[in-house]
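Residue numbers (our numbering): 409 to 573.
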């Protein structure tokens, strides 16, 4: 949880410094939605893993008959919708790196609730993930272009795209 708070603080500081005063509220809303969505995804994945482990130990019904597993699927859908919505409030250069929140939160939740062991490599990986997120959010361009149907048509008929096809 400490890592999530650190990521939020770093991102808010970067948004204030880079984004200017006019976009701060919008960017902050996108960041909060993204972090909440990623946290929901982490909870859902750990719920599903718990059901898989429990069903394997019991040797009983398939996992998809469990209501808890379906709650995990539903939570994952809500979390992904949150991520999708976050892209409407902040540029992808801010939202995409926040996917690391899901990785860090999954590690913490799995240690706390699934009784998994936390190795030194997990801690180093978490630190590197947070550092990489900070670097991406700090130094990536934070401007977004307004894309219209005419612009998409122009690029789709361009030589580079036709060669790609």
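Ideal Cβ placement from N, Cα and C applies to all residues, glycine included.
Query	Result
Same chain only: Cβ atoms within 8 Å of residue 455, ignoring 5 sequence neighbours per side	476, 477, 479, 480, 483
Three-state secondary structure (DSSP) of residue 526	coil
Residue 449 versus 464, 474, 512, residue with shortest Cα-Cα distance	512
Beta-carbon spacing of residue 570, residue 506 below 9 Å	no
Min CB distance residue 535 to chain B below 9 Å	Here there is only one protein chain, and chain B is not present.
Beta-carbon contacts of residue 487 that lie in its chain and below 6 Å, excluding the five residues immediately before and after	445, 448, 449
Residue burial classification, residue 464 (beta-carbon count within 10 angstroms, cutoff 16)	exposed
Residue span of the alpha helix (DSSP H) that contains residue 487, given as start and end	475-494
Contact check, residue 501 vs residue 544, beta carbons under 9 Å	yes
Of the listed residues 538, 489, 562, 546, nearest to residue 441 (C-alpha basis)	489
Whole-angstrom distance between residue 458 and residue 527, CA atom to CA atom	20 Å
Beta-carbon proximity check, residue 498 vs residue 563, cutoff 9 Å	no
Cβ pair residue 508, residue 535 closer than 9 Å	no
Buried or exposed by the 16-neighbour rule on C-beta atoms within 10 Å, applied to residue 577	Since the first and last residues shown for the chain are 409 and 573, residue 577 lies out of range.
Uninterrupted alpha helix (DSSP H) stretches inside the segment 432-478 (no shorter than 4 residues)	432-466
Cβ-based neighbour list, residue 548, same chain, cut-off 6 Å, excluding 5 preceding and 5 following	501
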